[in-house]
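Whatever position you read off the sequence shown (first residue = 1), add 151 for the working numbering.
Structure record follows, encoded as structure tokens.
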Amino acid sequence: MSYCVSPGCKRQQNTATVRFCLNCGSQILLKDRYRALKPIGQGGFGKTFLALDEHIPSKPNCVIKQLFFTGEDTSTFNKVVLLFRQEAVRLDELGQHPQIPELLAHFEQDRQLYLVQEFIEGQTLADELREKGVYSEEQIWQLLRDLLPILDYIHAHRVIHRDMKPANIIRRKSDRKLILIDFGVAKLFTDTTLQHTGTIVGSPDYMAPEQHRGKVFPASDLYSLGATCIHLLTGVRPLEMFDIINDEWTWRRHLLHGNRVSDRLGQFLDKLLANSLKERYQNAIDVIKDIAAQASPALLASSTTPTGLVSPTPSAYNAQTVLTKPPKNHKFGSEVGVDYRKLRDLLAAGKWKEADRETWVVMCQAVGKSPSAYIFSIDIEKLPCQDLWTINALWVKYSKGHFGFSVQNKIYQEVDKEYASFCDRIGWPTHVPTIADSAFKFNLKAPQGHLPSRIWAGGQQWWRHAGSMAARLEGCDIS
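Below, the structure is given as structure tokens:
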């Protein structure tokens, strides 16, 4: 079936292949590409539809979000339009994170605004709560392990979500990871905007007190996370668990019989839910560190996200990475005077394609070749250990263990050094593409070990680069 998204259409269901609505005559295919199938949600600012992308042979599912506004207040309408356009900017900036939907398109058609984004197959936590009942303590700890690193990531990009709640968190069916959706009311924050009163947006049950006054901070998202947790633990709306007279939370009284919560978890939730900003956690990394300090190392291992373009230090590594700490004979820097600050900054900013190109440049400098010259197996043998360690360490750090030469080498060893199997595992073609980097994906949704790419590898037997790199990593004691 097709679905007409025209707001005034009275019969929106259409047959599967029509290009124009049989009832109102509106164009069915948005941008001659996206075919809506059915509505899947509606909020204060928009309607969402499940859709197909007909430009791709497999016609994958996607999600269309349409601006929806029925009021007559022009100033409010303009504010909604601004928020809607901001969502496109936010998704474009943040969509490289594997737990945030990727933005596919943003356009205007027939005086309507549309976003098209990646379809996440799965259930929202609100649906999960209705179907399966309240969460246990262990499920809440796991939720924190999944969501705190995402908040750390968006706050590092100076974005505040402002509407975190169970309905805006999807458990992805493929890997059970939690995906944060709906950045329609997200706010870009700066040192000055944090002090200004703005539009009050969000869901009242989950909004921090300062949000009700039009102000938001990164700590506001942490409050919403706490409210989400107590709702999932009790099944009761957060505002129904706050005693206004005594100015205190009563969520513990609403726990079902047998659903025990430890004092440790209770203390963390209380601090997330503190009315006073001074008493509340200020940022996600503080929560992560406190939980880790109290015998929850798995959380710290999955959490560290670069929060600034600072000089990397070995202590900044997280426990999940392949390279957990620098070998005694290695440190950040260069044996031959190569400056790695540009590579560091590109990786810290998540500019993976530019960082891949810069990796080629610094590798050439490290072996004494002109920039962008091909690197052969004999050149790899000349890579100074300190330089190879630094390049690899920067990739491992800023991808949180997802990319890096040592990550690739681990996979190479797992497939018994069989190059075709190695390429299959990390998502590389076994041939040389006509355009050097056209076969590679430059985001965190690429397979583990996908980057750095091999665009620098030259020679008649260029595929031997994997074996040569493996030997050099071993010789330099980089694992």
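Ideal Cβ placement from N, Cα and C applies to all residues, glycine included.
Around the C-beta of residue i, are 16 or more other C-beta atoms found within 10 angstroms, so that it is buried, or is it exposed?
i	result
E116	Nothing can be reported for residue 116: it is not among the residues displayed for the chain, which extend from 152 to 630.
C515	buried
R327	exposed
M152	exposed
D507	buried
T275	buried
V489	buried
A318	buried
D303	buried
L474	Bear in mind that a pLDDT of 33 at L474, under 50, signals an unreliable position, so the model cannot answer this.
K216	buried
K533	exposed
P211	exposed
Q268	buried
L331	buried
H582	exposed
N543	buried
I526	buried
N560	buried
D648	This structure gives no information on residue 648, because the portion of the chain shown stretches from 152 to 630.
Could you give the residue range of the alpha helix (DSSP H) that holds residue i?
i	result
A617	616-626
H257	From DSSP, H257 is part of no alpha helix (DSSP H) but of the beta strand (DSSP E) over 254-260.
L294	288-307
I442	435-444
By the three-class DSSP mapping on this structure, what secondary structure does residue i have?
i	result
S209	coil
N165	strand
F573	helix
W511	helix
H247	Note that residue 247 corresponds to Gln in the displayed sequence, not to His. Q247 falls in the coil class under three-state DSSP.
P598	coil
K230	helix
W632	As displayed, the chain neither begins before 152 nor continues past 630, which places residue 632 out of reach and without an answer.
I332	coil
T199	strand
V310	strand
R241	helix
Y357	helix
F235	helix
V156	coil
D530	helix
K634	Nothing in the structure corresponds to residue 634, since the chain is present only between 152 and 630.
Which residue marks the beginning of the beta strand (DSSP E) containing residue i, and which one marks its end?
i	result
G578	Unbroken run through G578: none, as it is neither H nor E.
Y185	185-193
L264	263-269
G284	Counting along the chain, G284 falls outside any beta strand (DSSP E), and DSSP gives it neither H nor E.
G377	Counting along the chain, G377 falls outside any beta strand (DSSP E), though it belongs to the alpha helix (DSSP H) covering 369-385.
T541	No beta strand (DSSP E) contains T541, which is instead part of the alpha helix (DSSP H) from 536-549.
G273	273-275
Within the same chain, show all residues whose beta-carbon is closer than 8 Å to that of residue i, passing over the 5 residues directly before and after it, in chain order.
i	result
F340	Note that F340 scores a pLDDT of 45, beneath 50, so its modelled location is shaky; the value from the coordinates is reported in the next line. Only R309, V310, I311, V367, F368, P369 meet the Cβ criterion.
V512	P522, S523
L407	V285, T385, G386
T348	Caution applies to T348, whose pLDDT of 45 falls short of 50 and renders its modelled position unreliable; the value that the coordinates give is listed next. Closer than 8 Å at the Cβ level, and outside the excluded window around T348, lie R364, G365, K366.
K189	M152, Y154, F200, L201
Quick check on this structure: which residue in the options has the alpha carbon closest to the alpha carbon of residue i?
i	options	result
P252	D414, R623, F270, D261	F270
D261	K324, S550, L218, R495	L218
I442	A378, R415, Q612	R415
I207	G192, R184, P190	R184
I291	S325, H257, L329	L329
T379	L420, V240, F258, P360	L420
A642	G484, H257, A425	Residue 642 is absent from the structure shown; the chain starts at 152 and stops at 630.
Within a Cβ cutoff of 6 Å, which residues of the same chain sit near residue i, ignoring the five residues on either side of it in sequence?
i	result
F591	S604
S375	M315, Y357
T124	Past the edges of the chain, shown from 152 to 630, lies residue 124, and the structure says nothing about it.
Q247	G501, N594, L595
Among residues of its own chain, excluding the 5 on either side of residue i, which ones have a beta-carbon nearer than 7 Å to its beta-carbon?
i	result
I179	S153, C155, N165, V169, R170, F171, C172, R186
H553	L595, Q599
E509	K493, L494, L497
A435	L299, L302, D303, H306, L373
Q263	Q217, L218
E486	P535, Q537, D538
Y432	A370, L373, K422, L423, V438
A425	R431
P360	N426
T343	Note that T343 scores a pLDDT of 38, beneath 50, so its modelled location is shaky; the value from the coordinates is reported in the next line. Here the set comprises nothing.
CB of residue i to nearest heavy atom of the ligand ZN: below 7 Å?
i	result
V267	As for the ligand ZN, it is missing from this structure, which has no ligand bound.
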